[in-house]
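Residue numbers (this note's numbering): 105 to 576.
Encoded as structure tokens, the structure appears first; notes follow it.
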Amino acid sequence: MKGDNRPPWVTAVFIAGILVLFAWIGSLNPRAEYALGGGIVLRMPQWHPWEDWAATQREEAKAQRRQDSVDAWARADTVEVTAPLRRPKPGQGAIQFADSDSLGMAKLAQALQQLRSGGVLRILHFGDSQIEGDRITGDLRDALQALYGGEGAGMQPLVPFVPMAAVAHTAEGAWTRMVSFGRANDKSPTNMYGPRGISHRYATKSTSGPDAKVRYSPRSYGYPRARQSRSFSLLHGPAKGPVEIKWYANDTLWKIDYLDSNARGGALRAVATQPVKSLSLEFRGASPDWYGLSMDGPTGVRVDNVAMRGADGLSFTRMDRGHFMASLQREPVGLVILQFGGNAVPYFKSKEAVLRYGEAFRRQIRLFQEALPGANILVVGPSDMAVKEGLDWVSYPFVDDVREALKMAAFAEGAAFFDVMDFMGGPGGMVDWVHQNPPLAGPDHIHFTPRGAKKVAKALVESMQSELQRYE
């Protein structure tokens with residue numbers, strides 16, 4: 105009909121009115137979702153433009169304060185070694201030190217320089233699932249071995265948990281994995297786990313032949329230096345009965361070791377003149393606790409990746425103290441890296457709990473300093489982590505507090521700190537990394553993709569190299 109033909113501006117005004125109505129409802133809506141019962145949730149839009157503007161103003165003010173702090177650092181006097189400590193700008197990814205710390209990583213630098221005349225130096229990288237599969241560790245290992253010599257992938261478990269980048273690993277037999285962290289029924293009755301905080305034990309068979317086997321061989325990918333090993337050490341606890349260990353190099357019997365019933369904990373060693381393409385071990389007899397197999401070069405830098413999935417980084421002081429300290433001291437150690445915090449973040453309900461966590465972490469640092477007075481300690485802070493609230497992903501409530509607690513713990517004990525969260529861009533950085541193309545973090549908004557882990561590793565390696573150059 106003729107009366108139904110409305111001019112276009114009427115439709116436009118109607119649509120605009122609807123949008124204004126939705127904006128008005130969103131501005132008054134205090135919650136992003138409402139439970140209707142029966143598991144049904146009604147999600148409603150929220151729009152608080154004045155709060156968004158205020159948040160933007162706060163972030164800009166915070167950024168200005170950080171810049172003012174950087175400028176103040178630049179004006180402050182520093183004690184030089186051969187170059188002054190580098191004070192990082194936010195997002196730079198530099199290793200940080202307390203204002204009172206003028207020595208930096210002098211211990212590590214001196215130990216590395218001594219390698220030019222021979223010897224070995226081990227670096228221990230403990231962390232949570234962010235470093236599984238040799239992520240981050242592998243890049244640091246290759247960079248240091250390129251500069252100071254060395255080869256091999258470091259300490260390996262007896263039974264594979266997460267595949268390593270450079271090492272293919274299989275195990276046969278009824279093995280039990282025991283860890284110093286996690287559930288009570290996963291722990292060792294002796295509370296002794298060797299230097300990795302993880303041990304294994306196999307069950308004997310009633311039939312003839314070996315009770316258990318393990319095999320290691322290089323993968324076709326990973327850094328070439330990590331795929332070559334000539335020096336091997338098999339770490340074990342006290343014997344529980346006679347046991348025979350056969351070593352096979354390149355599928356040929358290499359040597360046979362025996363432990364009698366009175367054997368104490370120690371290490372069985374084997375050194376080849378050329379890199380071993382595959383190494384197999386066969387076990388027969390009562391199993392002691394096996395702490396790991398180191399796969400290294402005869403000289404140079406040795407770097408261990410110790411991934412502790414689910415760990416909060418507080419289990420070191422819960423192990424048998426004398427045993428753990430002695431196991432750390434079997435070789436010269438120049439650096440201990442502690443990369444934790446992420447697994448604790450989701451469970452905090454108050455800042456007071458975070459402060460207690462920071463104090464407990466200080467005790468972990470002091471333990472390593474007591475056991476290894478010649479080593480530097482580097483704490484790697486947690487990444488940003490996000491949780492979904494309504495339709496949005498936001499940083500966990502206390503992730504920033506955990507980062508600060510670990511930084512303060514490191515500085516209070518004279519340790520260095522690498523701020524992963526700051527490198528990612530601060531709170532909210534995880535969401536940005538997930539949305540990168542290609543993504544730098546996974547859809548769980550917690551773990552890095554391989555590309556993201558490589559980006560963090562590159563920043564850490566470059567920061568480490570910059571720090572070590574101060575002593576040349």
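Note that the Cβ used here is the ideal one computed from N, Cα and C, for glycine as well.
Per-residue burial, residue i [other beta carbons within 10 Å of its own, 16 or more giving buried]
i    : result
K455 : exposed
F428 : buried
T115 : exposed
W537 : buried
G222 : exposed
S365 : exposed
P217 : Looking at the sequence itself, residue 217 is Gln, so the reference to Pro does not match. Classification for Q217: exposed.
N289 : exposed
I227 : buried
V375 : exposed
G445 : buried
Q260 : buried
V117 : exposed
P379 : exposed
6 Å Cβ shell around residue i - same chain, five flanking residues per side excluded
i    : result
A457 : none
I199 : A520, F522, S567, E571
D238 : M268, A269, N409
L248 : V405
H304 : L262, V263, W279, R281, W394
P436 : L225
V283 : D290, I302
Same chain, Cβ closer than 7 Å to residue i, five either side skipped, listed in chain order
i    : result
I235 : H229, T241, N409, A411, Q443
P314 : E386, F387, R388
Y306 : G277, A278, W279, D315, A316, F387, S391
K309 : D315
A353 : A376, V380, L383
Residue i, DSSP secondary structure in three states
i    : result
S454 : coil
Y320 : strand
D496 : strand
H549 : coil
N480 : strand
G240 : For clarity, residue 240 is Ile in the given sequence; the question names Gly instead. Here I240 sits in coil by DSSP.
N447 : coil
E517 : coil
N409 : strand
A272 : strand
E474 : helix
L372 : strand
D246 : helix
S221 : helix
A159 : For A159, the predicted model reports a pLDDT of 45, less than 50, meaning its position is unreliable and no value from the coordinates is stated.
F265 : coil
G556 : helix
Rounded straight-line distance, which links the Cα of residue j to that of residue i
i    : j    : result
W394 : L219 : 29 Å
P547 : T311 : 48 Å
A516 : A202 : 8 Å
R422 : P501 : 28 Å
R507 : D416 : 13 Å
L397 : L495 : 47 Å
R281 : R300 : 12 Å
M399 : G556 : 27 Å
E474 : K291 : 24 Å
I360 : R245 : 31 Å
L432 : L338 : 14 Å
R460 : S419 : 15 Å
P111 : I122 : 18 Å
D488 : Q332 : 35 Å
A213 : R368 : 35 Å
D181 : E576 : Because the pLDDT at D181 is just 33, under 50, the model does not fix this residue reliably, and the point stays unresolved.
F452 : V498 : 16 Å
is_contact[residue i, chain C] using C-beta, thresh 9 Å
i    : result
D393 : Absence of chain C from the displayed structure is noted, only one protein chain being present.
Same chain, Cβ closer than 8 Å to residue i, neighbours up to 5 away in sequence not counted
i    : result
G414 : D232, S233, F285, G286, N447
A187 : Any reading at A187 is ruled out, since the residue's pLDDT is 47, under 50, leaving its predicted position unreliable.
L476 : L432, Q433, V437, V440
T377 : R334
Residue i: CB within 8 Å of a non-hydrogen atom of the ligand COA
i    : result
F502 : Because no ligand of any kind appears in the structure shown, any question about the ligand COA cannot be addressed here.
Should the region 346 to 353 be regarded as contacting the region 382 to 390, the criterion being three or more beta carbon pairs within less than 8 Å?
-> yes
Does the region 522 to 531 touch the region 207 to 216, meaning 3 or more C-beta pairs lie closer than 8 Å?
-> no
Pair every Cβ in the region 253 to 263 with every Cβ in the region 327 to 335, then say whether three or more of these pairs are closer than 8 Å.
-> yes
Below 8 Å, can you find three or more Cβ-Cβ pairs linking the region 338 to 346 to the region 314 to 325?
-> no
Can at least three beta-carbon pairs, one atom from the region 465 to 481 and one from the region 497 to 517, be found at a separation below 8 Å?
-> yes
Is the region 418 to 436 in contact with the region 283 to 295, if contact means three or more CB pairs nearer than 8 Å?
-> yes
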